[in-house]
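Undergrad: My structure is below; once you've seen it, I'll send some questions.
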Amino acid sequence: MAILLWSLLNIAVLVGLLYIFGRVVLVVKRHFGLGFALFFCLGLLAVGGNKVNSATPLTPTKNLLGTLVTGTPLGNASSLQTIPLGVGAPKIHVLAEYWIKPDTLKPRGLYITTAGLLFGHQWQPIYGAMAQRSTQLQYTATVRHDWMLLGNSVFSSVHEYAGLLPTN
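According to this note's numbering, the sequence shown holds residues -10 to 157 in order.
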């Protein structure tokens, strides 16, 4: 619930700033004219739009089992688990890739992704481990959660998720 409230706070702050921006433009227009108001708007947009986006670029999801040599064959099976973070909140998806033979089970990849309303939040996988436990895979994943206000990190916390993934 706190995640959803933080997203709503981000939206409210953004709407408030846009409202203030609109009121300032009306005051400038009233006192200096339409031409100066347009010039003022373009100047503010140029200054505000010059901010370098600090968000991570879109890249393929990182394999948290980074010990695999490049060119290692892909697994022949996979398992997915979804971890809900609360009512109306995003979900974390844990995807395990493994190689299965009649007598062995060998982990090949562990991937963490998020889905849902992410406005004001950023999740970044840090570490992951996977091991065979009977006919299942036991995973542990560490994820950093950044609480952001208008794109700037306000608070960071680290969460660890662990569980069992079925292999059949």
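Beta carbons: idealized from backbone N, C-alpha and C, even for Gly. Model, not experiment: these values are computed from the prediction.
Which class does L74 belong to by DSSP, given the choice of helix, strand or coil?
TA: If DSSP states are grouped into helix, strand and coil, L74 belongs with coil.
Undergrad: Going along the chain, which residues of its own chain have a beta-carbon closer than 6 angstroms to the beta-carbon of G64, five neighbours each way excluded?
TA: Contacts found: E86, Y87, W88 and R97.
Undergrad: Could you tell me which residues DSSP puts in a beta bridge with L99?
TA: BP columns for L99 point to A85.
Undergrad: What's the gap between the Cα of P7 and the Cα of F21?
TA: At residue 7 the sequence reads Leu, which differs from the Pro that was named. L7 and F21: Cα-Cα distance of roughly 21 angstroms.
Undergrad: Would the stretch -6 to 3 and the stretch 132 to 139 be scored as touching if the rule is three or more Cβ pairs under 8 angstroms?
TA: Contact holds: three or more Cβ-Cβ distances are below 8 angstroms.
Undergrad: How is G11 classed by DSSP in three states: helix, strand or coil?
TA: Reduced to three states, the DSSP call for G11 is helix.
Undergrad: So L107 and L53 are in contact, right, with Cβ under 8 angstroms, and what is the actual spacing, rounded?
TA: Not a contact, Cβ separation roughly 20 angstroms.
Undergrad: What are the complete beta strand (DSSP E) segments, minimum 3 residues, inside the stretch 115 to 142?
TA: Runs found: 125 to 138.
Undergrad: From the DSSP output, read off the bridge partner residues of A66.
TA: Y87.
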